[in-house]
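Shown next, in structure tokens, is the structure this report addresses.
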Amino acid sequence: MRYRTAVSETIKKVTFVMSPHTTGSCLCKGVVFEVDGKLSPVLACHCSQCAKTSGNFAAMTSCANDNLKILSDETLRWFQSSETVERGFCNRCGGNLFWKQTGSSDIYITAGTLDKPTGLKIAEHIFVASKSDFYDLTDGLPQKDEW
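First residue of the sequence shown? That's -18 in the working numbering, and the numbers climb one at a time after it.
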């Protein structure tokens, strides 16, 4: 009986200090990363920049900068897409990976680069005024013309 109590206390301590852990990568694995901590609900961004970098709208989640750890950045490159935004991509397979705004404490991660299961869901559509004309939004989720 004493042994079980000791094991139970150990399990409780381990469970208490563990945080959500998510891994991800680009297609060729030139960029591999992990996130320790919570990820935000997914935003479906329909802005013209996301369309140009992804070929469609971009499904993005976010975390605190400090919670993202790049394990392999062999092919990671950053592109300044506007005065205040940088986008991280793989220069070998072309994978669209990250989006960060100057001065922000968060970084956005392309949700499709995360390993399953993610437990994430799309929460809303943003920049729908800029969306492409070849599809309709019919999922009933909130839509914002901008963000």
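Built from N, CA and C at the ideal position, the CB exists for glycine as well.
Return helix, strand or coil for residue i, following the three-state DSSP convention.
i      : result
Thr99  : coil
Thr94  : helix
Lys89  : Reading off the sequence, residue 89 comes out as Tyr, not Lys. Tyr89 falls in the strand class under three-state DSSP.
Cys74  : coil
Glu105 : strand
Pro123 : coil
Output the boundary residues of the beta strand (DSSP E) element that contains residue i.
i      : result
Val12  : Val12 to Asp17
Gln82  : Asn77 to Gln82
Ser162 : Residue numbering for the chain in the displayed model covers -18 to 128; residue 162 lies beyond these limits and cannot be assessed.
Cys26  : Val23 to Cys26
Ser6   : His2 to Ser6
Assuming residue i and residue j form a contact by the criterion Cβ under 8 angstroms, report the distance between their Cβ atoms to the nearest whole angstrom.
i     : j      : result
Thr3  : Leu118 : Contact doesn't hold; Cβ gap of about 27 angstroms is too wide.
Cys71 : Leu57  : 7 angstroms
Asp87 : Asn46  : 7 angstroms
Gly36 : Ile90  : In fact, because the Cβ distance is near 18 angstroms, the residues do not count as touching under 8 angstroms.
Arg73 : Thr34  : Not really, about 16 angstroms apart at Cβ, beyond 8 angstroms.
Segments assigned beta strand (DSSP E), at least 3 residues, entirely inside the segment 30 to 68: Entirely contained in the segment 30 to 68, the beta strand (DSSP E) runs reaching 3 residues are, in chain order, 39 to 45, 49 to 54 and 57 to 61.
The segment 74 to 88 in contact with the segment 2 to 13 per 3-pair CB rule at 8 angstroms: Segment contact: the segment 74 to 88 against the segment 2 to 13, three or more CB-CB distances shorter than 8 angstroms; contact assigned.
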